[in-house]
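Below is one structure, written out as structure tokens; the observations come after it.
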Amino acid sequence: MLATAIGILGGGLTGLTLGSLLPESEVLERDEVVGGLCRSRTTNGFTYDIGGSHVLFSRNKSTMRYMEEALGNNIERRVRNTKIFFKGKYLKYPFENGLSDLSPEDNFECLTGYIQSYYARHMNESPRPQNFEEWMYYRFGKGITEKYLLPYNEKIWKIRAREMSLKWIEGRIPDPPIEDVIKSSLGIRTEGYVHQLNFLYPRTGGIQALTDKIAEKCSSVRTNCEVKRISKERNEFLVQLSESEMSYSKLVSTIPLPSLIKCLDNVPEEVERAAGELKYNSLISIILGMSVPKTKDYSWVYFPGETGLFHRVSFPSNYSPEVAPEGNCSVLAEITCHQGDRIWNMSDAELVEDTVKGLDELEVIRKDDVVFSDLTRMTPAYVIYDVEYDRNIKIVKDFIRQQGIEICGRFGEFEYLNMDACIERAMSLADDIK
Ligand SMILES: Cc1cc2nc3c(=O)[nH]c(=O)nc-3n(C[C@H](O)[C@H](O)[C@H](O)COP(=O)(O)OP(=O)(O)OC[C@H]3O[C@@H](n4cnc5c(N)ncnc54)[C@H](O)[C@@H]3O)c2cc1C
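In our numbering, the protein residues as written are 10 to 443.
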């Protein structure tokens, strides 16, 4: 049995960042390749992110510096050009900043609904919302909610908005001032959600170029090491893998919380139940290699409508020309589902066919131009904040804390964290540990 100071479970972005900052540590990754959701693949000259399209942005300067330093000069800089596909038109994103692109009737309904909800809130005539659906009506009014917010969100989350809590919303859904919405309705340009207005993307290698570079800074990374069981003997954590056992004086877990609970002995029934009730979505990513140099000029487009199972489609070769062979381009479609549901049970060929057909019907691509396709399934992909989330997460985190195991990252902490937040949390935990 080998002994190292700190064991880090999971070699996604969070685990690798921790490994890069903690000199006497070792990262244990289940899969053959590190990166987790931030992984890319290159086939037939097309490079694509297999956990859906990833771009780099952050309000936090030290996080941004960390990412830029890791990538060195392997960087492309872009200004976001994002749209919402609605009734055959590409509207400016976010929806409430593109109202003048709507038909006059839709524009009027959205604006009056927005103003009515604004006054109801300010005159205290609206009851406080108790779930995500009520919040949409409360904050944006009937028009914007029913035309865009509700159908889009139920398409991506795959649960009813009224079963979701409000916990995750702040900072994730644009919160525009009323003046901007009136301007947008009148056709006066406003930018709206500027958080990811400027973003970076690796020139070569896809998003995995970042995780690979961070992995190089770690003192030890072991792949094909699935953590099966964790126990404690005196002051050491014993981590059982398929064919060996490791020993660490400190343990940080970035693997999904429900998987961590399954690795522990003597877990109280209440904790097991709470961990089992934590909800998440899975993701299917479909890459299409095209024989033409460009299909659309956009970064990515949201699809709230019913055509196609995809809710978002990105155009990776607009992030970097190096991700497709010369004269070709690529299109990446994202579909969410729950393991075992109707979509998950569709074959890869059926999913690709549905995507190509849908994109062709919407004139995003021409199906005859598709020269390559690949599909990947990732689980888990998104944390779902259902109305039971607060209660369940508290029970599970309290128990983990009692075990003396640190948790960090998107599924390690079971929070809706983007890459920059994962790096921030890893930096802060590494400082505490040091
Ligand atoms: C569709 C999509 C698009 C996104 N786009 C962006 C974006 O544009 N910008 C952005 O900032 N963020 C984006 N994100 C968020 C980003 O992917 C995450 O914040 C980040 O990748 C989380 O990293 P992590 O290491 O915490 O988790 P993960 O990537 O899930 O890593 C966990 C690791 O643990 C390993 N593991 C699991 N079980 C075990 C076990 N038993 N033993 C050992 N190892 C195990 C897994 O294999 C995995 O490598 C996006 C997410 C999705 C789903």
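Here a beta-carbon is modelled for each residue, glycine too, at the ideal position from N, C-alpha and C. Keep in mind that this is a model prediction, so the values were computed, not measured.
With 16 other Cβ atoms within 10 Å as the buried cut-off, status of residue i
{"i": "Q217", "result": "buried"}
{"i": "I402", "result": "buried"}
{"i": "A14", "result": "exposed"}
{"i": "P132", "result": "Reading off the sequence, residue 132 comes out as Met, not Pro. So M132 ends up on the exposed side."}
{"i": "A342", "result": "buried"}
{"i": "E128", "result": "A small correction: the amino acid at residue 128 is Tyr; Glu does not occupy that position in the sequence shown. Exposed, because fewer than 16 other Cβ atoms sit within 10 Å of the Cβ of Y128."}
{"i": "D440", "result": "exposed"}
{"i": "A358", "result": "exposed"}
{"i": "R48", "result": "buried"}
{"i": "I416", "result": "buried"}
{"i": "S437", "result": "exposed"}
{"i": "S71", "result": "exposed"}
{"i": "R198", "result": "exposed"}
{"i": "N82", "result": "exposed"}
{"i": "P389", "result": "buried"}
{"i": "L11", "result": "The predicted position of L11 is uncertain, since its pLDDT is 48 and thus under 50; no value can be drawn from it."}
{"i": "L195", "result": "exposed"}
{"i": "I153", "result": "buried"}
{"i": "K96", "result": "exposed"}
{"i": "E242", "result": "exposed"}
{"i": "E422", "result": "buried"}
Residues near residue i by beta carbon distance below 8 Å, same chain, minus five either side
{"i": "S444", "result": "Outside the displayed span of the chain (10 to 443) sits residue 444, for which this structure offers no information."}
{"i": "V365", "result": "L297, I374, K376, V379, S382"}
{"i": "W144", "result": "P138, L175, I178"}
{"i": "L209", "result": "V64, L65, F66, M76, E77, L80, I84, E85, R86, R87"}
Same chain, Cβ closer than 7 Å to residue i, neighbours up to 5 away in sequence not counted
{"i": "D274", "result": "S240"}
{"i": "K222", "result": "A79, L80"}
{"i": "H347", "result": "K167, N290, S291, W353"}
{"i": "K226", "result": "S29"}
{"i": "C272", "result": "V236, K237, R238, I239"}
{"i": "N90", "result": "D306, Y307, S308"}
{"i": "K164", "result": "P313, H320"}
{"i": "Y147", "result": "S126, R130, S135, P138"}
{"i": "E433", "result": "N69, T72"}
{"i": "R212", "result": "N83, I84, E85, S329, E331"}
{"i": "I270", "result": "V276, V280, E281, A284, V405"}
Residue i versus residue j - alpha carbon distance
{"i": "I295", "j": "T56", "result": "12 Å"}
{"i": "V88", "j": "K305", "result": "15 Å"}
{"i": "G418", "j": "R351", "result": "29 Å"}
{"i": "Y99", "j": "G107", "result": "9 Å"}
{"i": "C431", "j": "P113", "result": "43 Å"}
{"i": "L287", "j": "Y257", "result": "28 Å"}
{"i": "Y328", "j": "F408", "result": "43 Å"}
{"i": "E200", "j": "I191", "result": "13 Å"}
{"i": "D429", "j": "R282", "result": "31 Å"}
{"i": "L22", "j": "V43", "result": "8 Å"}
{"i": "V248", "j": "E172", "result": "37 Å"}
{"i": "I442", "j": "E424", "result": "21 Å"}
{"i": "T345", "j": "E41", "result": "24 Å"}
{"i": "T316", "j": "L371", "result": "8 Å"}
{"i": "K151", "j": "S323", "result": "29 Å"}
{"i": "L318", "j": "E118", "result": "27 Å"}
{"i": "L18", "j": "F420", "result": "12 Å"}
{"i": "I414", "j": "L158", "result": "39 Å"}
{"i": "N69", "j": "C338", "result": "32 Å"}
{"i": "G20", "j": "G45", "result": "7 Å"}
{"i": "T385", "j": "D110", "result": "35 Å"}
{"i": "V340", "j": "L426", "result": "25 Å"}
{"i": "E362", "j": "T52", "result": "19 Å"}
{"i": "L360", "j": "S300", "result": "21 Å"}
Beta-carbon contacts of residue i that lie in its chain and below 6 Å, excluding the five residues immediately before and after
{"i": "G336", "result": "P302"}
{"i": "N162", "result": "A170"}
{"i": "L368", "result": "I374"}
{"i": "V332", "result": "T56, P325, S326"}
{"i": "A224", "result": "L25, V43, V230"}
{"i": "Q205", "result": "F66, R89"}
Near ligand 3: residue i beta-carbon under 7 Å from a heavy atom
{"i": "Y391", "result": "Absence of ligand 3 from the depicted structure is noted, with ligand 1 being the only ligands included."}
* So does the stretch 56-65 actually touch the stretch 246-266, counting three or more Cβ pairs closer than 8 Å? -> Not touching, per the Cβ criterion.
* Are at least three pairs of beta-carbons, each pair with one atom in the stretch 263-281 and one in the stretch 307-315, less than 8 Å apart? -> With the cut-off at 8 Å, the stretch 263-281 and the stretch 307-315 do not touch.
* Spell out a yes or no on whether the stretch 28-39 and the stretch 227-239 are touching, meaning 3 or more CB-CB pairs, one atom from each, closer than 8 Å. => With the cut-off at 8 Å, the stretch 28-39 and the stretch 227-239 touch.
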